[in-house]
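*Asks:*
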Amino acid sequence: MTKFGIGQPVKRYEDPRLLTGKGRFINDVNLAGQAQAVVVRSPHAHARIVSIDTSSARAAPGVLAVYTGEDVATDGLGTMAPTVQRKRPDGGPMFARSHPGLALGWVRYVGDPFALVVAETLMQAKDAAELIEVSYDDLPSVTDTAQAARGETAVWEECPDNISNVFEAGDAAATAAAFAKATHVVTRRYVISRVYAHFMEPRGVIGSYDPGDERYTLYADVQYPHRVRNALANRIFKIPENKIRVIAGDVGGGFGTKGWQYPEHR
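101 is the number that this note's numbering gives to position 113 of the sequence shown; each next residue is one higher, with no gaps.
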């Protein structure tokens, strides 16, 4: 009798294709007339953007467009916001700010995107990105969790204690009772270093628009294409979900980090 059911091994079917170089990753997608884009990011952990001068970048060879947070706001594009709903320590709603895609007015972490350069070639986009002149008013930054919890420096003015929400699970009374009856109680402070999934394929995205049927197509290395589609349709472009198609080919590693939408997807 043939074995089947839960617990039985499932033969991998993608290995021969990937091992022979026939995988199709985001960089393997090339559309007719495809332009290249470079995201310009903040070198500061916390700063106010005093001014952005994109005139030299716009005049650079091959540049098709340069966008900043002001352009995103003017175009009326929506924002991303957390979907998890929790409570603050006082029982009030959690603090959560929406993200416009390109920072406007302030940058709040190293790598915060604030401009996008679109050009005919990748090198032209990179060269033009270096021509963008930004004046910053550098502000105190929060560099570790303990410092953030003390509220010495507020990342957001609306949240002076830096506490977005508190997550609790289990039975607090039962836990306290168990400790009270324990023969020995050991107290230690453990510090967990920052953990990040280092996938081999960097995040990437290619977008196209068909004016004939008024539909968008997004090629992206994402693990949950429907989640990305729904977020783009409902929150960013505010159009029916069937007007956006997200195609996820082979993903060069993700480990959960590519399960969400990022500013670059807009």
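Where a beta carbon is used, it is the ideal one built from N, C-alpha and C, also for glycine. Small disclaimer: the values here were computed from a predicted structure and weren't measured.
1) Work out the CA separation of Ala134 and Asn150 for me, nearest whole Å.
2) Expressed to the nearest angstrom, what Euclidean distance is found between the alpha-carbon atoms of Lys246 and Gly158?
3) Helix, strand or coil, according to DSSP, for Pro31 in the structure here?
4) Counting Cβ pairs closer than 8 Å, one from the region 72 to 86 and one from the region 21 to 37, do we hit at least three?
5) Report the three-state DSSP secondary structure of Arg254 (helix, strand or coil).
6) Could you check which residue in Pro49, Ser123, Val(-2) and Ser39 has the C-alpha nearest to that of Met111?
7) In the DSSP assignment, find the unbroken alpha helix (DSSP H) run with Asp63 in it and report its ends.
8) Is the separation between the beta-carbon of Met104 and that of Val27 shorter than 7 Å?
9) Consult DSSP for Asp87 and reduce its assignment to one of helix, strand or coil.
10) For Leu6, collect the residues of the same chain with a Cβ closer than 8 Å to its Cβ; drop the 5 residues on either side in sequence, then sort them by chain order.
11) Based on the DSSP output, what are the partners of Val26 in its beta bridges?
12) Considering only residues of the same chain and omitting the five flanking positions on each side of Pro148, which have a CB-CB separation below 7 Å?
13) To which residues of the same chain is Val17 closer than 6 Å at the C-beta, ignoring the five residues directly before and after it?
14) How many angstroms separate the CA atom of Ala33 from the CA atom of Tyr197?
15) In or out: Phe167 buried (at least 16 other Cβ within 10 Å) or exposed?
*Replies:* According to the data block:
1) C-alpha separation (whole angstroms): 11 Å.
2) Taking the straight line joining both Cα atoms gives about 30 Å.
3) DSSP places Pro31 in the coil class of the three-state scheme, outside both helix and strand.
4) Segments in contact, no.
5) Three-state DSSP puts Arg254 in coil, outside helix and strand.
6) It is Pro49 whose Cα lies nearest to the Cα of Met111.
7) Here the alpha helix (DSSP H) through Asp63 covers Gly57 to Asp63.
8) The sequence shown places Leu at residue 104, rather than the Met named in the question. Between Leu104 and Val27, the gap from beta carbon to beta carbon is short of 7 Å.
9) Note on residue identity: the sequence assigns His, not Asp, to residue 87. In the structure shown, His87 sits in a strand (DSSP, three-state: E or B).
10) These residues qualify, in order along the chain: Asp238.
11) The partner list for Val26 (beta bridge, DSSP) reads Val105.
12) Excluding residues within five positions, the ones whose Cβ falls inside 7 Å are Gly139 and Ala142.
13) Excluding sequence positions up to five before and after Val17, its CB lies within less than 6 Å of the CB of Ile194 and Tyr207, all in the same chain and listed in chain order.
14) Straight-line measurement puts the Cα of Tyr197 at about 35 Å from the Cα of Ala33.
15) Exposed, by the Cβ-count rule.
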